[in-house]
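Letter by letter, the sequence shown follows residues -16 to 91 of my numbering.
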Amino acid sequence: MKVGCIGLGDIAQKAYLPVLGAQPGVDLHIQTRTPATLQRVGDVLHLPAERRHADLDSLLARDLDAAFVHAPTAVHPEIVTRLLEAGVPTYVDKPLAYELADSARLVA
């Protein structure tokens, strides 16, 4: 199962990535726009280069089976829209969005 984690902040690093990375049968892919963080977290998780992504397009090209969004709330609507349009079941950290209209659109 290919699982993507978008955003590599403290919550992702402390709560989600250790658990997801330890699951048998899970091919964990990570994505962040910050090169140093991508390198450091990828090294800690011993992920090969093909599972480290600097942009969402690269990650979406991997035909994910699921995704976890831990990016800053301001970019949730854009990221979640792209994931859902690609047919990827998606978990999003709260809040879903800052604006009610964005939240309503995402859950419609």
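Glycine included, C-beta positions come from ideal geometry on N, C-alpha and C.
Note that the structure is a prediction, hence the values are computed from the model and not measured.
### Message
On the criterion of 16 or more Cβ atoms from any shown chain inside 10 Å, does I(-6) qualify as buried, or is it exposed?
### Response
So I(-6) counts as exposed.
### Query
Under 7 Å, do G(-13) and H53 count as touching if we go by C-beta distance?
no
### Query
For H12, which residues does DSSP report across the bridge?
DSSP links H12 through a beta bridge to G(-13).
### Query
Between D76, V63, A69, which lies nearest to D85 when the distance is taken from Cα to Cα?
When each option's Cα is compared against that of D85, the closest is V63.
### Query
From S41 to V71, what distance separates their C-alpha atoms?
Their Cα atoms are separated by approximately 14 Å.
### Query
Is V71 helix, strand or coil when you go by DSSP?
coil
### Task
Could you say which of L83, L43, D38, R34 lies nearest to L67 if we only look at CA atoms?
Checked all of L83, L43, D38, R34; the closest Cα to L67 is L43.
### Query
The beta strand (DSSP E) with V52 in it runs from where to where?
V52 -> beta strand (DSSP E) spans 49 to 52.
### Query
In three-state DSSP terms, what is R88?
helix
### Query
In terms of alpha-carbon separation, which member of V2, Q6, Y74, P1 lies closest to A97?
Residue 97 is absent from the structure shown; the chain starts at -16 and stops at 91.
### Query
Can you tell me the Cα-Cα spacing of V90 and H29, whole angstroms?
35 Å
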